[in-house]
Structure formats: structure tokens, C-alpha cells
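Q: Residue numbers (our numbering): 24 to 460.
For each residue, glycine too, the CB sits at the ideal point set by N, CA and C.
Since we're looking at a predicted model, the values are computed, not measured.
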């Protein structure tokens with residue numbers, strides 16, 4: 024369990040907080056590129072790390088992320104006019120470019136130089152992998168952008184969605200890196216496959232969890248013995264600071280009951296909007312020659328399908344939520360699946376949100392299979408202390424570019440770190456050059 028001070032420290036992400044300062048040392052996924060479909064399109068509201076922001080694509084196609092509030096009289100720039108390479112406040116006409124410079128101040132006399140003395144808070148952006156990224160930290164400490172493999176594959180080879188979760192960021196992350204809960208929370212009672220993977224999840228109430236620290240976070244695995252010494256089913260993952268997870272995909276072929284091997288990896292990023300709201304990014308990608316199927320691109324069956332499970336017109340909020348009890352069906356709970364709730368990540372959100380907006384970790388009782396959770400908390404707190412002491416946190420280097428997740432059946436007695444090393448770390452030459460998508 025954590026102390027109250029540690030729990031508060033991990034939960035608070037606003038400006039000037041310990042964790043807020045840590046998160047500001049990384050590039051953050053801000054919005055999907057298609058939310059700003061063309062130059063001079065309507066601006067979009069955005070909330071990151073406790074700050075209310077506005078995103079807009081200017082006449083040249085560049086994306087600006089600026090303070091929501093005009094520095095004149097604090098009116099919201101959401102109502103602004105996106106025109107001629109800047110966003111103009113409709114209250115008095117003050118206009119700002121993507122760098123935050125005031126480029127026009129028509130309400131002041133023509134001879135006034137006041138506009139040259141006014142700036143609005145603006146954060147740098149990059150656009151790649153179908154995402155607009157932003158960096159909110161000290162300019163002199165800006166790291167390279169995180170060109171992880173899933174951001175570099177062709178558009179046909181990836182699917183990305185996002186959904187608001189009304190809890191602190193750590194609740195979502197801890198749920199994601201907890202490999203043991205899959206045996207229960209996501210178990211199907213009917214219509215389950217008969218392959219070795221399915222047998223491992225059905226017959227193993229527990230798992231052996233092993234965590235290997237790295238310079239970006241850690242690699243970890245859930246080990247589940249198969250019946251009759253047929254081998255060990257291994258799920259190998261990565262936790263990448265500050266909030267990324269890579270895991271072997273559970274989409275398409277797995278969910279439909281087919282058993283062929285797919286060269287697909289999935290994952291999440293739990294990006295703090297504020298202390299009690301998180302934008303959960305969901306991604307899946309193919310690293311093989313074949314593009315994703317349409318259902319895989321849409322994240323079919325995950326509970327994260329846009330339009331079906333998530334309402335973009337309502338701020339990317341979940342359709343199944345606490346107000347409707349996540350559409351739980353008690354008859355289905357008795358006969359079809361363990362929860363009576365459909366959609367893997369709907370099931371995740373239901374239990375994570377049931378803990379409250381910020382879980383009281385002072386009352387927990389963690390066991391041996393919670394090693395990944397315990398280690399993540401320690402690493403995050405240590406990373407925050409490193410930043411406070413003037414150092415660089417983990418996860419800023421190019422070693423995150425080639426990481427992959429894998430699940431595989433290994434012979435009894437073969438160590439997963441040795442057997443899966445090449446597949447987990449994909450040691451191949453990598454160029455940071457990229458074409459914005």
C-alpha cells in the first residue's frame with residue numbers, strides 16, 4: 024500500500040505539482056489529426072495536465088496549441104475565428120499565431136506597439152502517426168519526439184481511438200499492466216476457443232509475474248503453465264514511461280475464435296487531463312507486410328470502437344458508463360461471460376471507475392502477482408524525484424522505438440527473457456526520419 028502523501032503525489036498532475044512536472048518532460052498525445060481536418064477549420068477544446076487549451080490548424084496547415092483564455096479579458100478562444108494564419112478572439116479582435124505571438128490588435132491605436140508586448144501560452148507541436156503531439160515542459164529540455172513503432176507504420180497498418188475515463192491516470196495504467204486480472208475480468212463462460220492460449224487463461228486462476236527493470240520502465244511477463252506439461256503460455260509486455268503499455272494484441276483473429284498467428288501489437292497510453300480525468304489512447308498495429316483488417320483498425324470487440332463504444336461528438340466519452348451501469352446483463356453474467364459486460368475495455372473501465380475518481384491506495388493489500396503495479400509506482404516516484412533534482416527521467420531515448428510485445432508458448436524450463444529477447448526488443452537498425460502522417 025502507499026502512504027497518503029505518496030498517493031496524493033502520484034494523483035496530482037496540475038502545474039507545479041511533482042507529477043505534473045514529470046509529465047511535462049515528455050511529448051504528450053494531444054489529439055487525433057482528423058480532429059483538425061483542414062487549414063482554418065474550427066478550433067478544438069483540449070485539457071491536458073490540468074490546463075484548458077485550444078488546438079487549431081492554421082492557414083499553412085501548422086497546428087497550434089495555446090491557452091484557452093485570451094490574455095486580454097480572459098474570453099475563451101474556442102469561439103475564436105481561425106483565419107489567415109492565426110486565431111482571433113471575437114471579443115476585441117486580438118489575434119495569435121501558433122507560436123503564441125500576438126500578430127494583430129485592432130482594438131488598440133495604430134501607432135501602439137502594445138501587441139509586441141503580449142503573448143499567449145503556446146506549446147510546440149509535432150504531427151506523426153495520425154496524432155498531434157505537444158510538449159509542455161521547459162523549452163531547453165525538450166526531448167526528441169517518441170517515434171515508437173506504432174507511430175511509424177503506414178496508416179493502413181494501425182488503428183487508434185481514444186476515450187475519456189473519469190478517474191486519475193494511475194488507475195487506468197495499473198489496470199492495464201495487471202496481467203492477472205484477464206483470467207477473471209475478461210473470461211468468457213461460453214463461446215471460448217479451444218487453443219492453448221484459451222486453455223491457459225481458463226485453467227490458470229493465477230500466474231507467475233516477473234518484472235525486469237529497463238532504462239525506459241520495465242519489461243514484464245505473465246507465465247501460465249499449460250495442462251499436462253504441454254508448456255508455459257507467456258505474455259510479454261513493456262511499460263514505457265510515463266504512461267505507455269505494449270501488449271500482444273487481443274483483437275480480430277483472437278476475438279473471433281480463429282487461432283492463426285497475427286503479427287499485431289496493441290497498447291494504451293493513459294494521458295492525464297487533470298487529477299480525476301484521463302484520456303485513454305488505444306492503439307493496435309501490424310508490423311508485418313499485411314495491413315490491418317477493417318475490424319482490427321476499428322478495434323472491434325475491444326470496447327473502444329469510435330461511434331459504437333465512444334462518442335466523439337460528446338468529447339470522446341464512453342457510451343457504456345457508470346450512469347447506465349455499463350449495460351451490465353446479469354443473465355449474460357451467469358451464462359456468457361464473467362462480468363455480464365461486453366467489451367474488454369468496457370469491463371476495465373467499469374472496475375477501475377468503481378474505485379472512485381482517485382483510488383485510496385492506503386487501504387490496499389497487494390499480493391505477489393501485483394509486482395508490476397508495485398514496480399510502476401516506485402519507478403514513477405523515483406522519476407519524479409530525479410526531475411526535481413535536475414535530472415532527466417527515463418523513457419526519453421530512442422531505445423523505445425523498436426519495442427514490441429509477444430505472447431507465445433514456451434517449453435517447460437525455457438526462460439522467457441532468453442527465448443523472447445529478439446521478439447520483445449526487435450533489435451534492428453532504425454532511422455528517426457519520418458514522414459508526417
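Can you look up residue 439 in the DSSP assignment and give me helix, strand or coil?
A: Against the chain shown, residue 439 aligns to sequence position 416. Note: residue 439 maps to helix in three-state DSSP.
Q: How many whole angstroms separate the CB atoms of residue 424 and residue 171, which I take to be in contact at a CB cut-off of 8 Å?
A: The residue given as residue 424 occupies position 401 in the chain shown. The residue given as residue 171 occupies position 148 in the chain shown. So it is a contact: roughly 6 Å between Cβ atoms.
Q: Okay, do the region 179-189 and the region 298-311 touch, 3+ Cβ pairs below 8 Å being the bar?
A: In short, these stretches touch, since the Cβ pair count reaches three.
Q: Taking 6 Å as the limit between beta carbons, can you name the residues of its chain near residue 127, skipping five residues before and five after?
A: Along the chain shown, read from residue 1 onward, the residue named residue 127 stands at position 104. So the list reads 118, once near-sequence residues are dropped.
Q: In the structure shown, what three-state DSSP assignment does residue 157 receive?
A: Your numbering for residue 157 matches position 134 in the chain shown. In this structure, residue 157 counts as strand in the three-state DSSP scheme.
Q: Can you tell me whether residue 145 is helix, strand or coil according to DSSP?
A: Position 122 of the chain shown, counted from the first residue, corresponds to residue 145. Reduced to three states, the DSSP call for residue 145 is strand.
Q: Please report the distance separating the alpha-carbon of residue 61 from that of residue 182.
A: On the chain shown, position 38 is the one that residue 61 refers to. On the chain shown, position 159 is the one that residue 182 refers to. For residue 61 and residue 182, the distance between alpha carbons rounds to 21 Å.
Q: Determine the contact status of residue 355 and residue 366, defining contact as a CB-CB distance below 8 Å.
A: As a position in the chain shown, residue 355 is number 332, starting the count at 1. As a position in the chain shown, residue 366 is number 343, starting the count at 1. Cβ distance not < 8 Å, so residue 355 and residue 366 don't count as in contact.
Q: Suppose you measure from the CA of residue 70 to the CA of residue 258; what does that come to, to the nearest Å?
A: Here residue 70 is taken as the residue at index 47 of the chain shown, counted from 1. Here residue 258 is taken as the residue at index 235 of the chain shown, counted from 1. For residue 70 and residue 258, the distance between alpha carbons rounds to 34 Å.
Q: Is it buried or exposed, residue 64, if we count other Cβ atoms within 10 angstroms and call 16 or more buried?
A: In the chain shown, residue 64 corresponds to position 41, counting from 1. Classification of residue 64: exposed, given that the 10 Å Cβ count is below 16.
Q: Quick one: what does DSSP say residue 297 is sitting in, helix, strand or coil?
A: For the purposes of this step, residue 297 is identified with residue 274 of the chain shown, where counting begins at 1. Looking at residue 297 - three-state DSSP - the assignment turns out to be strand.
Q: Just to confirm, is the Cβ distance from residue 413 to residue 265 under 8 Å?
A: What you label residue 413 is simply residue 390 of the chain shown in a count that begins at 1. What you label residue 265 is simply residue 242 of the chain shown in a count that begins at 1. Cβ atoms of residue 413 and residue 265: not closer than 8 Å.
Q: Is residue 86 closer than 8 Å to residue 76 when the C-beta atoms are compared?
A: On the chain shown, position 53 is the one that residue 76 refers to. On the chain shown, position 63 is the one that residue 86 refers to. Against a cut-off of 8 Å, the Cβ pair of residue 86 and residue 76 comes out as no contact.
Q: Just to check my reading of the structure: residue 212 and residue 358 have Cβ atoms closer than 8 Å, yes? What is that Cβ distance to the nearest angstrom?
A: Looking up residue 212 in the chain shown gives position 189. Looking up residue 358 in the chain shown gives position 335. Between residue 358 and residue 212 the Cβ distance is about 6 Å, and since that is below 8 Å, they are a contact.
Q: Are residue 139 and residue 108 closer than 8 Å when you measure CB to CB?
A: Taking the chain shown and counting its residues from 1, one reaches residue 139 at position 116. Taking the chain shown and counting its residues from 1, one reaches residue 108 at position 85. Cβ atoms of residue 139 and residue 108: not closer than 8 Å.
Q: How about residue 392 and residue 234: do their beta carbons lie closer than 8 Å?
A: To locate residue 392, count along the chain shown from 1; it is residue 369. To locate residue 234, count along the chain shown from 1; it is residue 211. In this structure, residue 234 does not lie closer than 8 Å to residue 392 by Cβ.
Q: Within a Cβ cutoff of 7 Å, which residues of the same chain sit near residue 58, ignoring the five residues on either side of it in sequence?
A: Within the chain shown, numbered from 1, the residue matching residue 58 stands at position 35. Here the set comprises 67.
Q: Judging by CA-CA distance, which residue of 377, 110, 399 is the nearest neighbour of residue 239?
A: Locating residue 239 in the chain shown gives position 216, where the first residue counts as 1. When only C-alpha atoms are compared, the closest one is 399.
Q: Short of 7 Å in beta carbon distance, which residues of its chain neighbour residue 146, apart from the five on each side in sequence? Order them along the chain.
A: By 1-based counting over the chain shown, the position of residue 146 is 123. Same-chain partners within the cutoff: 88, 157, 158, 159.
Q: What residue does the beta strand (DSSP E) around residue 184 start on, and which one ends it?
A: Within the chain shown, numbered from 1, the residue matching residue 184 stands at position 161. Unbroken beta strand (DSSP E) run through residue 184: 181-188.
Q: Quick one: using the 10 Å Cβ neighbour count with 16 as the cut-off for buried, is residue 443 buried or exposed?
A: The residue you call residue 443 lines up with position 420 of the chain shown. The residue is buried, with at least 16 neighbouring Cβ atoms inside 10 Å.
Q: Tell me the DSSP secondary structure of residue 360 in three-state form.
A: For this step, residue 360 is matched to residue 337 along the chain shown. It is a strand residue.
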